[in-house]
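Each remark here refers to the structure printed beneath this line.
Residue numbers (the numbering used here): 7 to 75.
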C-alpha cells in the first residue's frame with residue numbers, strides 16, 4: 007500500500023472550508039513581507055495552500071522565497 011493516495015480521502019473532504027481560505031490582501035497598516043526582507047537584508051521563506059480549477063477537490067502546498075532585493 008502506498009503512503010500517497012490519489013483518491014480523495016475523508017480528511018480532504020473535511021478540509022473543504024480550509025480550501026476556501028485566501029491569503030490576506032495587502033493592507034497599508036501592516037508592513038509587507040518584501041519591505042521586511044529589505045529592512046533586515048534577509049530572505050523570507052513562506053508556504054501557502056493553493057487550488058487549481060482542474061483539481062477542485064485537491065489543494066497543493068506552494069513554497070516561495072522573498073528576496074531582499
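Where is the CB? At the ideal position from N, CA and C, for every residue including glycine.
The alpha-carbon separation between residue 71 and residue 64 amounts to approximately 23 Å. Per DSSP, the beta-bridge partners of residue 53 are 69. Here residue 39 carries a helix assignment [DSSP, helix/strand/coil]. At a Cβ-Cβ threshold of 8 Å, residue 56 and residue 50 do not count as neighbours. Note on geometry: alpha-carbon atoms of residue 40 and residue 67 lie some 21 Å from one another.
With a cutoff of 8 Å on beta-carbon distance, residue 48 and residue 74 are scored as near each other.
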